[in-house]
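Residues -10 to 128 (my numbering) are what the sequence shown spells out, left to right.
The C-beta atom is built at its ideal place from N, Cα and C for all residues, glycine as well.
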Amino acid sequence: MDSDITFSIIKPDAVSKGYTGQILTRITGSGFTIAALRMVRLTRQQAEEFYYVHRERGFYRGLVEFMSSGPVIVMVLRKADAVDEFRKLIGSTDPATADRGTIRAEFATDVQKNAVHGADSPENARREASFFFPAIEIF
Ligand code: CMP
């Protein structure tokens, strides 16, 4: 069911610091199963397109630069109520205000280099998943 999937990215900061394994362990240990996963380096154009909704924001240019600066892990995750459950697991956007025990509180650097992305609605989860994966590659 649609509400059972979310889309996530382990961002360049977390990948380059070697946190990929620990973050995946936290995700699967919280009851998510991996429906699709790939390591990829976004082109600047792909990062612009992925974050197009933020194009008017002051942080957009820096975000595009950062997200295309190194490899990331893109993945589709499955669990009941996946979008909300995943957002609870990662914590708020700014790690300075993220609850203790959340992935961002533990692994993020700052509000931009915040270790992971999680879709904010089931509609966006579907749109973001299809940005990287054809339906046949989502298990
Ligand atoms: P993400 O969940 O991927 O969604 C949009 C991203 O923009 C966010 O995580 C951060 O990486 C970045 N972002 C959001 N707010 C700010 C901000 N105030 N300054 C810099 N980057 C931000």
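Please identify the residue among D(-7), P123, K6 and Y40 whose C-alpha is closest to the C-alpha of T22. D(-7)
Kindly examine the ligand CMP and report whether one of its heavy atoms sits closer than 8 Å to the Cβ of R46. yes
V100 versus G47 - alpha carbon distance: Whole-angstrom Cα-Cα distance: 13 Å.
Looking at the structure shown, is A24 part of a helix, part of a strand, or coil, going by DSSP? strand
Does DSSP classify F122 as helix, strand or coil? coil
Buried or exposed for S(-3), going by 16 or more other Cβ atoms inside 10 Å? With 16 or more other Cβ atoms within 10 Å, it is buried.
When you compare each of R76, S5 and E45 to T(-5) by their alpha carbons, which one comes out closest? R76
According to DSSP, is I127 helix, strand or coil? Assigned with DSSP and collapsed to three states, I127 falls in coil, not helix or strand.
Quick test of your reading: A24 and L66, contact by CB under 8 Å. State the CB separation rounded to the nearest angstrom. 6 Å
Minimum C-alpha distance to R30 - residue among S81, V63, G20 and I12: V63
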